[in-house]
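Chemist: My questions will all concern the structure given below.
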């Protein structure tokens, strides 16, 4: 059998009791894999292309008097040119001893139930007719729209012997519209076709009607290779995702830089980025500032952890704004302790003492007017100490 939407059988070997089949390789994996990976961008023209290929392959099988009977998204595979091909067909007599075994091995896996019509789910009916594949096609339509596992749908789980998954909403259809190139199919018409595939056996549409509906939204382009169009479209989708992720990476990098620069001097950060060692360095003169909050232990004991965090965050945010005006470097904050240095790691001659002293006066003034959020009546006092001397810095 030869058709563009059927996986080619190359050969078979039988070494009892193992039968090995050699088939065409489709390197993009199963349709199930492609649909359920959110990282793979799928526009609607790609998805309708998958369904059209699947319908064409089924139509050829039915024309050859072959009913698949085990159709699901796992035995449909995607080629390197984004063509959907059907596998696991036409070798019933070689693989299974009878129709019941073929049916049972498929139904024994609970995830396969949504692909089988309710009248076949109790193992009693084993005579497969083309309408069985139409029902399976309807479930793959659902999976194509929702990009999720039909066996986990709440509506199906409520009664797996008789129910089908709940119809996708309009919002579900438009989830991937960001990467859309072709028009999203009208969800009501799509759902109507899907639902008709799940109707009573004799009321299900034939494949000619299904293909006619699908080609309205996936017309063949005269003189243009469809596979090339799909590949180009996928490339555009990937470009969009790459751009988004690059922007997200830049944002994360900016946040990391901000955090790093708040912990280490900029020149030290640059040296570390370039893989350079930062050796200890001696400074002949510098001034260090230390402060803490008077009565902080008492305040903390009568406050909740969130109140303490809010209090310190508000106070030291104001302190940080002030020290930005001076030639100083904030070394660290530990609890209520605040440490600032001048003259290190950037030397500034004899200005270090003046910078720290002026900054200290500003910080004391701010603390006098600061209002503790959860204790507005309690005045805030800080204890400040300054010291000038030689120093050795090791980052």
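Numbering (this note's numbering), first residue to last: 1 to 395.
Beta carbons are placed, not taken as given, at the ideal position from N, Cα and C, and that holds for glycine.
#1: Please report how far the alpha carbon of residue 146 lies from the alpha carbon of residue 250, in whole angstroms.
#2: Using only the alpha-carbon positions, how far apart do residue 287 and residue 238 sit?
#3: Among 194, 380 and 352, whose alpha-carbon lies nearest the alpha-carbon of residue 364?
#4: Distance check for residue 244 and residue 258, CA to CA, integer angstroms please.
#5: Can you name the residues that DSSP bridges to residue 281?
#6: Would you mind sorting residue 123 into buried or exposed? The rule is 16 or more other CB atoms within 10 Å of its CB.
#7: Under 6 Å Cβ to Cβ from residue 299, same chain only, skipping five residues before and after it: list those, please.
#8: Within the segment 326-356, note down every full beta strand (DSSP E) run reaching 3 residues or more, in order along the chain.
#9: Start and end of the alpha helix (DSSP H) containing residue 132?
#10: Should residue 64 be labelled buried (16 or more other beta-carbon atoms within 10 Å of its own) or exposed?
#11: Does the Cβ-Cβ distance between residue 382 and residue 359 come in under 8 Å?
#12: Can you name, in chain order, every residue of its own chain whose Cβ lies under 7 Å from the Cβ of residue 207, other than the five neighbours on each side?
#13: Could you spell out the range, first to last residue, of the alpha helix (DSSP H) harbouring residue 308?
#14: List the endpoints of the continuous alpha helix (DSSP H) containing residue 19.
#15: Look up residue 289 in the DSSP assignment and say whether it is helix, strand or coil.
#16: Can you tell me which of 345, 291, 150 and 274 puts its alpha carbon nearest to the alpha carbon of residue 280?
#17: Taking Cβ to Cβ, would you say residue 30 is nearer than 8 Å to residue 73?
Modeler: In terms of the structure at hand:
#1: Spanning the two alpha carbons is a distance of roughly 31 Å.
#2: 55 Å
#3: 380
#4: 21 Å
#5: 393
#6: Residue 123 comes out exposed.
#7: none
#8: Here the runs fully enclosed are 329-334 and 337-342.
#9: 130-146
#10: exposed
#11: Contact flag unset, no.
#12: So the list reads 55, 58, 59 and 62, once near-sequence residues are dropped.
#13: 305-323
#14: First-last for residue 19: 18-23, but that is the beta strand (DSSP E), not the alpha helix (DSSP H).
#15: strand
#16: Proximity to residue 280 across 345, 291, 150 and 274 peaks at 345, based on C-alpha coordinates.
#17: yes
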